[in-house]
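Report on the structure given below.
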Amino acid sequence: MDQQALPEVVAMMRRLRAECGWKAAQTHRTLARHLLEETYETLEAIESDGPGRDDHLREELGDLLLQVLFHAAIAEQEGRFDLDDVAAGLAVKLRHRNPHVFGDLVETDPVRINEAWEAAKATEKQRDDLWEGIPAALPALAFAAKVLDRHERAGIAAPLPVVDPDPAVAVGEELLGCVERARAHGVDPEQALRDAVRRRRP
1 MDQQALPEVV AMMRRLRAEC GWKAAQTHRT LARHLLEETY ETLEAIESDG
51 PGRDDHLREE LGDLLLQVLF HAAIAEQEGR FDLDDVAAGL AVKLRHRNPH
101 VFGDLVETDP VRINEAWEAA KATEKQRDDL WEGIPAALPA LAFAAKVLDR
151 HERAGIAAPL PVVDPDPAVA VGEELLGCVE RARAHGVDPE QALRDAVRRR
201 RP
């Protein structure tokens, strides 16, 4: 493992921001689609089973890391924060949300560990709106699963399905019902649909 690789690419990113016209012109907003594309390419590498999988995943994780470095370099150049600030914030978050490792909580059950994580997260966020912090840009199935999860943790019962002759409304209700069933079985609906589509590939 090369201990100098990360500082080297951070320095390279700073130089690229200073000397490359295209990179110097980029903003958080113009890079948003690249971040999304690299995220999906990383997911594809994770799901691949072919030869060279590790090389593919390592490369895609590098491309994803580039996006993090790029956004941090933009913020650093504007005097807002830098990569060290990002890492420091992450360290605080990991320490606070994992008291079974970094604190006094004695727990080994994965379900209760996750509950402790969510409880710590809730104390950090102090949200007034139940949907606050759920990205509207999430894929629809993932968005629905996140909303239903929030509702369940807040003790809100699932409403009865809306009966409507409009096919768009009816299909939407059916899809929401599928997400509810997936959650009841501990299934990620987004992944389940991806896998189902892949099974149809000729």
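Residues 1 to 202 in full-length UniProt numbering are what the sequence shown spells out, letter by letter. Each residue gets a CB set at the ideal place from its N, CA and C atoms; glycine is no exception. Model, not experiment: these values are computed from the prediction.
key: Beta-carbon contacts of residue 95 that lie in its chain and below 7 Å, excluding the five residues immediately before and after   = By one-based count along the sequence shown, residue 95 stands at place 95. Counting only Cβ-Cβ distances below 7 Å, and skipping sequence neighbours, we find 102.
message = If I measure Cβ to Cβ from residue 63 and keep anything under 6 Å in the same chain, skipping five residues before and after, which residues do I get?
response = Here residue 63 refers to the residue found at position 63 of the sequence shown. 38.
ask   = What runs of the alpha helix (DSSP H), each 4 residues or longer, lie entirely inside the region 6-46?
value = 21-25
request  = For the alpha helix (DSSP H) holding residue 158, just list the boundary residues, first then last.
outcome  = Position 158 of the sequence shown, counting from 1, holds the residue named residue 158. Here residue 158 belongs to no alpha helix (DSSP H), and DSSP marks it neither H nor E.
inquiry  = For residue 90, report the span of its alpha helix (DSSP H) as first-last.
reply    = Start at 1 with the first residue of the sequence shown, and residue 90 comes out as number 90. Here the alpha helix (DSSP H) through residue 90 covers 83-97.
key: Length of the line joining the Cα atoms of residue 70 and residue 163   = Taking the sequence shown and counting its residues from 1, one reaches residue 70 at position 70. Taking the sequence shown and counting its residues from 1, one reaches residue 163 at position 163. Approximately 48 Å, taken between the alpha carbons.
message = Using a Cβ distance threshold of 8 Å, determine whether the region 21-28 contacts the region 71-85, with at least three qualifying pairs required.
response = Touching, yes.
query = Nearest to residue 83 by alpha carbon, out of 175, 199, 7?
reply = In the sequence shown, residue 83 corresponds to position 83, counting from 1. The candidate whose alpha carbon is nearest that of residue 83 is 7.
Any 3 or more C-beta pairs closer than 8 Å across the region 142-162 and the region 106-114 = Output reads no: the region 106-114 does not touch the region 142-162.
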